[in-house]
Structure formats: C-alpha cells, structure tokens
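I have placed the structure first, in the form of structure tokens, so that the comments after it can refer back to it.
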Amino acid sequence: MRPARTNRTQVRFGRVFSCARLIQSFGQATRPFYWDANILHKLKIYQTIYFKFQNDYFWTMISKENLEQFSYLFDETIIDDISNVAQLKTFKKNDIIIDIGQELTHIPLLTEGNIKVLREDNDGHELLLYVLETGDTCAMSLTCCMAKSVSKIRAIADEDASVIMIPISYMTKWFNSNESWRNFILQSYQVRFDEMLETIDTLAFMKMDERLFKYLSDQVKLSASTNLEITHQEIAEDLHTSRVVISRLLKQLEKENKIELGRNKISVLEF
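So the numbering used here is basically just the index in the sequence shown, starting at one, shifted up by 523.
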C-alpha cells in the first residue's frame, strides 16, 4: 500500500471499515477483522460487499425537474423513462464512484460536478484517461455493461458530484427503441474515443513539461477558474509520474511566468 495516496486511500478504507462494522452489526460477519498478511485480500472482499450494500440501499429517487437540463439530449419519452427507473446519487470530492474490478449494475449520467476516469497498472500507478463533465456518461462503463464484464477503470469525483444511475437492463432496450438515446450513446462513444486518442497522442508525442502545461490548461477549462486547488502529488498521479518531477517542472513554469505557485494551489496565468 502506497503512503503517498493518503486522500484516496483514506476514502476507500473508510468505506471498507464502515461496511465491515455494518456487516458485523447485522451478525453476518463470520470472523473478526484483523490486520494480517492477507489484509489486501480481505479489504477487497469487504469493498465488494460494501459496493453491493451501497448499490442496494443508498439511493435518492429522481424527479423530472432534475432531468430538465437533458431536454436538449433526450426526447420526452426517455425523460419520463429515466425519471421512473433511475435514481440520484451524490458523491464528495475524491469519492470512488466506480472501481476497478467492480461489477457494474448501473449506467452513470453526470448531472453536476466533474469525474476523473483513470487506469491503473499492476504496481498501482494511475493514469488519467479523460474527465467527465455535466451531461456526460462513461463510455468505458457502457462497454463493460454491454459485455457484462467487471470495470476496467476507476472513476473518482474530481469535485462534489451528482450522478443519475440508470439500471443497465434499460441501456439496450432504449438503444433499440429510442433514437435520442441511441444518438446519445453513439455520440458518447465518439467523444470518449477522441479523448482517448488525444491522451495517446499526448503520451507519445509530448514532453512531460508540455503534458503538464496542457493538463493545467484543461483543468482551468473544467473548473472555469484560473486558481486550481490541487497538490503536486495529485498531478503526478494523474500524469503517471513522480511528485519530484512535477514539482521541478512547476517551478520551471513559474519562472516562465505561466503559473504562480501557492500552498496546495496553482494560479494559471497563461493558458
């Protein structure tokens, strides 16, 4: 377990421990929870149970008023159907919305906030693939739902977020019967595909300092603010590099008068 990822690790472990206590309180735990050589395996088991418990119990019903912002995407039929079958879920910043290896039962539709979609290697290092904004859905999760496979990505709330969760059983049904939903799904695939190509181009053809400045510029556009509350470690995780490298390059950008550094804050002067 890597100590550098304190925030996300605390969030994930907090969920796991809460789940463990809940299970024990219902008398369903077969043994106490101890720290030992099999800790990671046990955490994964409890995490899986937590997500199942979370999916079954922590939901808020959604009204048609919550869907008005999607009237330009969907026709009235789909708006009515979503309000009847979908549920609204809220997440705090750094909450894990979808995790690697998680069985997907719902399609996410973002109504507020931003969500980072990341890939993780065997050593636990993450790479930012793309960022979802209001009105977006995750094409990677759509693919997993259609293939009935577990998630290959991790989706984390980049800020407080609200997500409409649509049961996957309706995805294919609406795709075959409703043009507005079909267009939305196909367009989502195209947009995410273009963003994936951009990520590949960035990795293949841009130097790290160029990648860093592009990342900061993209964050400005996403947050609609030139003042970014972000740590060097968080940037390093998103760009799949070390904090030392990011700190050195940020100092270089500051000398070039492109940014101004503060404590856990970066002001972008040029983008």
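Glycine included, each C-beta is placed from N, C-alpha and C at the ideal position.
Please classify Asp724 as buried or exposed, where buried requires at least 16 other C-beta atoms within 10 Å of its C-beta. The residue labelled residue 724 in the question sits at position 201 within the sequence shown. Result: exposed.
Check whether the stretch 701 to 708 touches the stretch 597 to 614, taking contact to mean three or more Cβ pairs, one atom from each stretch, closer than 8 angstroms. yes
Going by alpha carbons, who is nearest to His658 out of Ser674, Glu635, Cys668? Within the sequence shown, the letter at position 135 stands for residue 658. It is Gly, not His, that sits at residue 658 in the sequence shown. Ranking the options by Cα distance to Gly658, first place goes to Glu635.
Please list the terminal residues of the continuous beta strand (DSSP E) segment that includes Phe593. The residue labelled residue 593 in the question sits at position 70 within the sequence shown. Element bounds for Phe593: n/a, residue is neither H nor E.
By how many angstroms is the C-alpha of Lys737 removed from the C-alpha of Leu720? Here residue 720 refers to the residue found at position 197 when the sequence shown is read from its first residue. Here residue 737 refers to the residue found at position 214 when the sequence shown is read from its first residue. Looking at the two C-alpha atoms, the distance is approximately 15 angstroms.
Measuring CA to CA, which of Ile605, Thr660, Lys612 is closest to Leu709? Sequence index remark: in the sequence shown, residue 709 carries index 186 (1-based). Ranking Ile605, Thr660, Lys612 by Cα distance to Leu709 puts Thr660 first.
What whole-angstrom Cβ distance do Leu665 and Ile630 have, given they're in contact under 8 angstroms? For this step, residue 665 is matched to residue 142 along the sequence shown. For this step, residue 630 is matched to residue 107 along the sequence shown. Correct: roughly 7 angstroms between the Cβ atoms.
Three-state class that DSSP yields for Val640 in the structure shown: Numbered from 1 along the sequence shown, position 117 holds the residue referred to as residue 640. Correct three-state label for Val640: strand.
Met688 in three-state terms, based on DSSP: On the sequence shown, residue 688 is found 165 positions in, with the first residue counted as 1. Here Met688 sits in strand by DSSP.
I'd like the list of long-range same chain contacts for Val686, defined as Cβ closer than 6 angstroms, with 5 residues on each side in sequence excluded. Sequence index remark: in the sequence shown, residue 686 carries index 163 (1-based). Contacts found: Lys612, Pro631, Leu633.
Quick check: what's the CA-CA separation for Met688 versus Lys730? Your numbering for residue 688 matches position 165 in the sequence shown. Your numbering for residue 730 matches position 207 in the sequence shown. Looking at the two C-alpha atoms, the distance is approximately 38 angstroms.
Top-ranked residue by Cα proximity to Ser746, from Ser672, Arg715, Ile638, Arg786: Residue mapping note: residue 746 aligns to position 223 of the sequence shown, counting from 1. Closest by alpha carbon: Ile638.
Below 8 angstroms, how does it come out for the stretch 647 to 654 and the stretch 614 to 625: are there three or more Cβ pairs, yes or no? no
Could you pull out every residue in the same chain whose Cβ sits closer than 7 angstroms to the Cβ of Trp558, ignoring the five residues on either side in sequence? One-based indexing of the sequence shown puts residue 558 at position 35. Model confidence at Trp558 stands at a pLDDT of 46, short of 50, so the residue's coordinates are unreliable and nothing is read from them.
For Val714, the three-state DSSP class (helix, strand or coil): Walking along the sequence shown from the start, residue 714 turns up at place 191. It is helical.
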